[in-house]
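In what follows, a single structure is set out as C-alpha cells and then discussed.
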Amino acid sequence: MTEVEGGPAAGVPRKGGARSSLYNRSLNWLWNFIESRTHISKWPYRPQPEFSFNPSYWTGAFVAVAFILQVLTGLLLLFYYDPSVTAASAGAPPQAWASTQYIIQTTPFGWLLLSSHLYGAYAAIMLAFVHFFRGFYTGVYKRPREVSWMLGTLLLVCMLGMGFTGYLLPYTALSVGATDVGLALVNSVPVLGPIMSPLLQGNGTYQGLLSRVFALHVVLIPVVLLALLYAHVTLFESHGIGPGVSSDPQAKRVLTEADDRKLGSWFPRVFLYMLKWGLVYVGVLLVVSSTFLVALPAAFGSQNQGGASPEPDWYFLWLYKVADFQYVTPTIAVLLVGLLAAFILFVPWIEAVVGRVVPRLRSLRTHPRDRPFALFTATFLLSFFALMTVWGGVMPGVTIPVQMYAAYLGSLALLQGLVILFFYLRYQRTYRARRQAAKGPSPVPARTLAAPAKANPRNARTFYRPSLGFWDGSTAMVVMTLAGLLVPLAFILDQRSYVGAANEQAFGAATAVMAFALAGMVHVSERALFQRRAAPAG
Amino acid sequence: MFYRLTDGGPTRFPPGIVRRVDAVPTPSSEEVDEAKRSTLKLALIGGVLAVGGAGVASFLRIAVPPQAGAATFPKVQLLYSDGTPVLASKYRYPSTSTSLIVFNYPLDNEPNLLLNLPSAVSGGVGPNNSLAAFSAVCQHLGCTPPFISYYPPGACGTFNGGAAFIHCVCHGSSYNPAVPAPGGGASIITGPAQSPLPQVVLQWDQTTDEVFAVGAVGPPVKGHTNTLVGGNVVSTPVQTEAPQTPTQQCPT
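Printed below as a string of C-alpha cells:
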C-alpha cells in the first residue's frame, strides 16, 4: 500500500498502517481541497499557545457556542410562535401560549426544540457566569484587557435581558407575573425608571408589552449582543489569550506577532479544538433536553393557573430574595443592583485604586494569592449569589428581618475576609523569606508564554500526517457517526408526524450520540496530530 | 498626507478618467492656526451632540407611544363570565378559600377581587354592606392572581387576629380589607408593600340587585402612574373571570 504523502515523522511509531491509508488519503484530499479553495489557514485568526488548550481557557468560547445555538433554535421557534394576547377563538387561551403549545404538541420535534432552547438559555447564562468568575479570579481584566472586561459585563447584562424577555413569551401565569415584577422594579429606578418603563410597556396594554418584549428578545437585544460580542472577540484577537495566573509582576500579558509566527496557523489546531468542545456541548444539551422535556405551565388568565409558584427562574432568584429583605424597598433593590453592576464594570480600576492605597497590592500580578482584594470580592460575590439563590429557592416570599440577613451576610464576609487575610499574610511572610534567601529581585521565575521550540507538523502541507488506525478509535467513530446520522435521517425522511415524548427523546438521543461521536473523532484526530511527544533523551 | 486637486481641470469628468492629484506636505506646526482648529473641533463636537441629541429625542418620541386609557371612570355593570348579572344578595364568592372571582376595572389590565366579606366594610354595598372589590395588583411589585388572593377568616390561624385578609405570596405583603387606610383602600398588615391596596367603588341598585363599578379610591394601581392610564378601558358591561384557584400560602 502506498504511504500518505509526507509520511510519518522520523522515529514516530506508526499505528494502523496500511489499513487506514484510504482514510488518510481522503482526509488529506479534503483538507487540501478546503485549503486551496479558501486559504483557511491564512484567515485572520490567531494561533493559540500550547498551554491554552485546556477548557478553562475557553470558557468564553463555550458561551459563544451556547449563544449561536440559541440563535439557531430561536429562529426555528420563530417560524411558529405568534406574539399575540388575543385568543384564536372565544374562550381559547391567548395565541402566545397556544402557539407555544402547538410547537410542543404538533410540530415534529418541536418539544425537543423548545426544551433545548430553554436549557440552552440556562446553559448560556450559567457559562457566562463561569466565564465571568474565572476572569475575576485570574485577573484577566488587568492591563490591557480592561475594555474587554467592560464589554463582557455588558454582554452578561444582555444575556440576563434575554432571559428576562424570553420568560414572558410563553405567556403563562408565571411568566406574566414575573414580568409584572420586573416592570415594577424597572419603574422603581430613580429618574431613569419612568423613561425606560414606557419603552418596555408600550401603550400600557398587555399586547403592547408582549409586542415590545418580543421585539427586544428577537431583534433588539440580540443585535446589541452581537455587536458587543464582535467587539469582545476582536479585542480577544488583538490581545491574544489571557496568559494564566502569575505571581510575576513583569509577566508577559499579550501575544505579539512574533509569537504567532512561532505558533504557525490557527487552523486546524484552534478550529479542531473548538469544534470538539462545541460538539460536546451540543451533545450534552441534547441529552439534558431529551431527558427532561419541559412541560408548559397553565396559560395566563386560565382557570387552572392556581398553584403556580411565584418564583422567577434560578438566575434571578438572588434578586428576588434581596427584594424579600426587610427595609429593602424596590428602589433600594434596583440601586443595589446598579451599584453591583457598576462595581463589576469598573473593577479593573477599583482594584488599581485599592492598590494605590495599599501599594503592595498594586501590580500586574494575576495570581489570586497576590490579590487579596479581588480574591475576597470574587469569593464574597460568588457565595452571595449562591446563598441568595438557595435562600430564594427554599424560602420564597418570606420576609427576612434586618438582623437576620445582616448576621448571615456579615458573618460570611467576616469569615471569608479573615481566612483570606490569614493566608495572605502567611504567604507574604514565606514570600519575603524566600526573597531574602534568594537575594534576587524575584523568587518567582518570569513566566513566559510557552512556545514550541521545534517546527510543528501542523505547518506541513499534509493534514493527517500520523496514520490513524482502527484501534485509535477513528474508524469506530466514523461508523458511529454514520449510524447516528442514519437515525435522524430516517426520522426526517419518514413523513409521519413525530410528536410525543418517546419520538422526541429518541431523536434527541440519536443526535446527541452523533455529536459525541463527531467530537470523539475530532479528538482522536487532534490527539494524533498535536499530542506532545516526550523529547528524546540527551 | 494631504492631497490637493491640480488646477485647471474640468469640473465634470468623462467616466474612466481619474483626476490627477499632487501630494502636498503635512503643514508644519507653525502654519497651523490653533484657534481656528479649536473652533472647528468645537463645532464638530457640538454638531455631533446636536445630531445625537435630536436622534435620541426622536427615538423616544417614536418609541414611547401615547398611553391608552380613559379620562373618567366608566360606570359598568358586573356580569358573571357566562353573561348573567352579578346579584349582590346572591353573591357568595369566595365561598371557600380556593375559589375567587376577578374582574378588570377600569382598564383591562387592572384585575380586582370581588369579595363578599364576612361583615360590613367601608365602601361595601349589598344588603349587608359587605360586597367590596379590591385591586388584585399587589402594591409591592405588581403580582397579580393567582399570586395575590383572599384568605377567609381563620385560613391562617391567628394571623390578623383570625380575620379575613388579602395576601400576596410573591414577597409576603398582606392587606386588611376590613380596615380602610387613611386615603382609602385596604390597609397594610405586613410589608414589604409600602402603600395600601386600592379599592373599587361599587354601586348597588336596590331594586334590581345589580352591581356596578363606578370608580376607585386609594393609591394608583401598581404599575400605573394613574389608575386610568396605561391600558384599554374595559367594555361595558364588564364580565368577571370564572372562579379561579389561587396560589395560597400562609404568611409567617
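As they're listed, the protein sequences go chains A and B.
First residue of the first sequence: 1, per our numbering; consecutive thereafter.
First residue of the second sequence: 1001, per our numbering; consecutive thereafter.
Glycine residues also receive a C-beta, built at the ideal position from the N, C-alpha and C atoms.
Quantities reported herein were computed from a predicted structural model and do not represent experimental measurements.
At a cut-off of 8 angstroms between beta-carbon atoms, Tyr80/A makes no contact with chain B. Residue range Ala173 to Asn187 is occupied by the alpha helix (DSSP H) that includes Asn187/A. Within 8 angstroms of the CB of Gln1194/B, the CB atoms of chain A belong to Thr329, in sequence order along the chain. In this structure, Lys1222/B lies away from Cys1168/B, with their beta-carbon atoms at least 8 angstroms apart. Taking the CA atoms as reference points, Thr329/A sits about 9 angstroms from Ser188/A. Counting along the chain, no beta strand (DSSP E) covers Thr153/A; the unbroken alpha helix (DSSP H) around it starts and ends at Glu146 to Leu168. For Phe1073/B, not one C-beta of chain A is nearer than 8 angstroms to its own C-beta. Contacts between Asn1109/B and chain A, judged by CB atoms closer than 8 angstroms, involve Gly204, Thr205 and Tyr206 in chain order. Taking a Cβ-Cβ threshold of 9 angstroms, the residues of chain A close to Gly1223/B are Asp180, Leu183, Ala184, Asn187, Ser197, Gln201 and Gly204, in chain order. Gly1218/B sits in coil when the DSSP states are folded into three classes, being neither helix nor strand. Only exposed fits His39/A, as fewer than 16 other CB atoms lie within 10 angstroms of its CB. Along the stretch 1143-1155 of chain B, going in chain order, the ones with a CB nearer than 7 angstroms to a CB of chain A are Cys1143, Thr1144, Pro1146 and Phe1147.
If you look at Pro1177/B, you'll find it in the beta strand (DSSP E) that goes Ser1174 to Pro1180. A residue is called buried once 16 or more other Cβ atoms fall within 10 Å of its Cβ, and Arg143/A, having fewer, is exposed. Around the Cβ of Asn54/A, a 10 Å sphere holds fewer than 16 other Cβ atoms; the residue is exposed. Taking a Cβ-Cβ threshold of 9 angstroms, the residues of chain B close to Val398/A are His1171, Gly1172, Pro1251 and Thr1252, in chain order. When beta bridges are read from the DSSP output, Asn32/A appears opposite no residue. In the three-state scheme derived from DSSP, where H, G and I count as helix and E and B as strand, Ser247/A is classed as coil. Nearest CB-CB separation between Asp324/A and chain B: below the 8 angstroms threshold. Asp494/A and Gly508/A have their C-alpha atoms roughly 16 angstroms apart. A Cβ-Cβ contact shorter than 8 angstroms links Val1233/B with Pro1106/B. The beta carbon of Pro297/A does not come within 8 angstroms of any beta carbon belonging to chain B, so the residue lies off that interface. Unbroken alpha helix (DSSP H) stretches of 4 residues or longer found wholly inside the stretch 313-384 of chain A: 317-322, 330-345 and 347-357, given in chain order.
For Val1229/B, the CB contacts under 7 angstroms within the same chain, skipping 5 residues up- and downstream, are Gln1067 and Gly1069 in chain order. Scanning the stretch 1048-1105 of chain B for uninterrupted beta strand (DSSP E) segments of 3 residues or longer gives 1076-1079 and 1102-1104, listed from N- to C-terminal end. Within 7 angstroms of the CB of Gln1067/B, the CB atoms of chain A belong to Asn203 and Gly204, in sequence order along the chain. For Val219/A, the secondary structure class from DSSP, reduced to helix, strand or coil, is helix. Under DSSP, the beta-bridge partners assigned to Cys1168/B are Ile1148/B. For a cut-off of 8 angstroms, the C-beta gap from Arg371/A to Arg365/A is around 7 angstroms, short enough to register as a contact. In this structure, the CA atom of Phe385/A is about 10 angstroms from the CA atom of Lys321/A.
Judged by beta-carbon spacing, Ala124/A lies within the 8 angstroms limit of Ala66/A, meaning their Cβ atoms are closer than that value. Glu351/A and Ala374/A have their C-alpha atoms spaced approximately 7 angstroms apart. The shortest C-alpha to C-alpha distance from Gly208/A to any of Val280/A, Val513/A, Tyr431/A and Ser84/A is the one to Ser84/A. The C-beta distance from Gly1162/B to Pro1152/B rounds to 10 angstroms, too long to fall under 8 angstroms, and the pair is not in contact.
With respect to the 8 angstroms criterion, His367/A and Ser290/A are not classified as neighbours on the basis of their beta carbons.
The continuous alpha helix (DSSP H) containing Thr100/A extends over residues Gln95 to Gln105.
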